[in-house]
Amino acid sequence: MAKQAKIKFEEIVKWNFVSLTEEDLNQIPSYLELKKCLPPKPSRHWLHCLYLILFILIAMALLPIFVFVLVQNGYLPENKVLQSIHKEMARRFVEDFLKFEFNKEYCLLESLEGVEDMFRPPIDCSICQNVTEVERLSEISLSEFEEKYAYSSKPVIITDAMREWTAQEKFSFEYFKQVYHNDSPALDSSSSECQFFPYQTSFESLRDVFSMNSDRAHLRDGSKPWYIGWSNCDSMAANTLRQHYKRPYFLPSESESSRTDWIFMGAPGYGAPMHIDNVEFPSWQAQVKGIKRWYLEPPPECYLQCHFLEVVVHPGEIIVLDTNRWFHQTFIEGTELSITIGSEYD
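Residues in the sequence shown are numbered from 1 upward in steps of one, following full-length UniProt numbering.
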């Protein structure tokens, strides 16, 4: 009804007071009384807020690209200050916008997958420009490894790095079940240092994994393939396992490995999806058992300058890779359960 009155009123004004201005009409009492009967004009404040929110979101999406252009053209150096700014941006975006609380214990792989990539510092493409394959070497000296591979982000496989290890004879699904006692913090990820990576399986914890029987673990009952990973945060279990492997001989003498090692285990026919890690240092991963195929991709900003790589790592070999710069995917081949153990080094 009010809408019809407004239309009628505007028609009257248009045809009978066409020569009068708004200021003239406001001098007529009856005109002012009629205006009071009309509904108020809708506020556009919400529209302004919407425009502001869209502007902020677009700016947040374009900022990493803008910084990347500055770095690539030499206006900004790729340094720790820039990296810390990007990490702080990611933290604020996740906590304030996505309402994610870092003081709670989540599976970071699932919760932040894709988010940190948005704020990832741009990579200098010189790390991969001339890399066309993953070399396989043996009996490499400390000086050669440090000069060519240790900190260059160039992936390499060392084929003789486990020559004095007993892990290949000792490690198995059944052995790990014995090493991790029922009260182990690693079984339920009960501390911030205990991380469990279910990847795309239904497992919720390492305890769930070790609740499988041997037939299920080795797919002898026709079960689907599986693949998981965990940080070895149990000091007692770590001491037991480290009796069967040691620091790779080729690492620089002054470098230190991280306190916590990582273990990845799974059945043939599965593996980790394409991803990039949020770590500070390069790492080594020893293929204790099984055969694992690696797919390596340069970061998107380097697609036109670098090659996509593919390599198979066999039992007894160690792959050295900067997983914070190379996107990587794995797939377990053959018929044997795959067991990989690794660590970062500075």
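Note that the Cβ used here is the ideal one computed from N, Cα and C, for glycine as well. On a predicted model such as this, the values are computed, not experimentally measured, just so you know.
query: Alpha carbon of Arg259 to alpha carbon of Tyr270, nearest angstrom; result: 28 Å
query: Beta strand (DSSP E) runs contained entirely in the stretch 153-183, provided each spans 3 or more residues; result: 156-158
query: Any alpha helix (DSSP H) of 4 or more consecutive residues that is wholly inside the stretch 173-245; result: 173-179, 185-188, 206-210, 214-217 and 235-241
query: Cβ contact check for the stretch 247-256 and the stretch 302-310: 3 or more pairs under 8 Å; result: no
query: C-beta contact flag for Glu297 and Met274 at 8 Å; result: yes
query: Start-to-end residues for the beta strand (DSSP E) that takes in Leu304; result: Counting along the chain, Leu304 falls outside any beta strand (DSSP E), and DSSP gives it neither H nor E.
query: Own chain residues within Cβ distance below 7 Å of residue 365, not counting five before or after; result: Beyond the ends of the chain as shown, which are 1 and 346, falls residue 365; an answer cannot be given.
query: Proximity winner among Val209, Glu174, Thr201 and Ser172, relative to Ala186 (alpha-carbon distances); result: Val209
query: Cα-Cα separation, Leu112 to Met212; result: Caution is warranted here: a pLDDT of 49 is assigned to Leu112, below 50, making its placement in the model unreliable, and the coordinate value is therefore given only provisionally. Cα-Cα distance, rounded: 28 Å.
query: C-beta contact flag for Thr340 and Phe281 at 8 Å; result: no
query: Pro268 CB to nearest heavy atom of the ligand MG below 7 Å; result: Looking for the ligand MG in the displayed structure turns up nothing, as the structure carries no ligands at all.
query: Contact under 8 Å by Cβ, Ile318 with Ile157; result: yes
query: Classification of residue 351 by the beta-carbon crowding that lies within 10 angstroms, buried from 16 upward; result: Since the first residue shown for the chain is 1 and the last is 346, residue 351 is missing from the structure and cannot be characterised.
query: Proximity below 8 Å, CB of Trp284 to CB of Pro248; result: yes
query: Limits of the unbroken beta strand (DSSP E) element including Glu317; result: Glu317 to Leu321
query: CB contact flag (Asp188, Ser205, <8 Å); result: yes
query: Proximity to Ser338 [Cα-Cα], best of Val311, Ala217, His181 and Phe203; result: Ala217
query: Own chain partners of Thr152 with C-beta closer than 8 Å, once the 5 adjacent residues on each side are dropped; result: Correcting the residue identity first, residue 152 is Ser in this sequence and not Thr. Only Ile127 meet the Cβ criterion.
query: Ser143 vs Glu193 beta-carbon contact at 8 Å; result: no
query: Ala161 vs Ala286 beta-carbon contact at 8 Å; result: yes
query: Boundaries (first-last residue) of the beta strand (DSSP E) holding Glu297; result: Ile291 to Glu297
query: Residue from Ile58, Ala61, Ile228 and Glu169 whose Cα sits closest to the Cα of Gln195; result: Ile228
query: Separation of Thr240 from Glu174, as counted between CA atoms; result: 15 Å
query: Sequence-distant residues of its chain with Cβ nearer than 8 Å to Arg220 (five each side left out); result: Ser214
query: C-alpha gap between Leu137 and Val320, whole angstroms; result: 11 Å
query: CB of Ser343 within 8 Å of CB of Trp262, strictly; result: yes
query: C-beta contact flag for Ile291 and Gly222 at 8 Å; result: no
query: Chain-order list of residues whose beta-carbon lies under 6 Å from that of Glu110 (same chain, five-residue window excluded); result: The pLDDT assigned to Glu110 is 44, lower than 50, so where the model puts this residue is not dependable, and the model offers no usable value.
query: Same chain, Cβ closer than 7 Å to His314, neighbours up to 5 away in sequence not counted; result: Gln287 and Ile291
query: Cα-Cα separation between Thr21 and Pro29, rounded to whole angstroms; result: 15 Å
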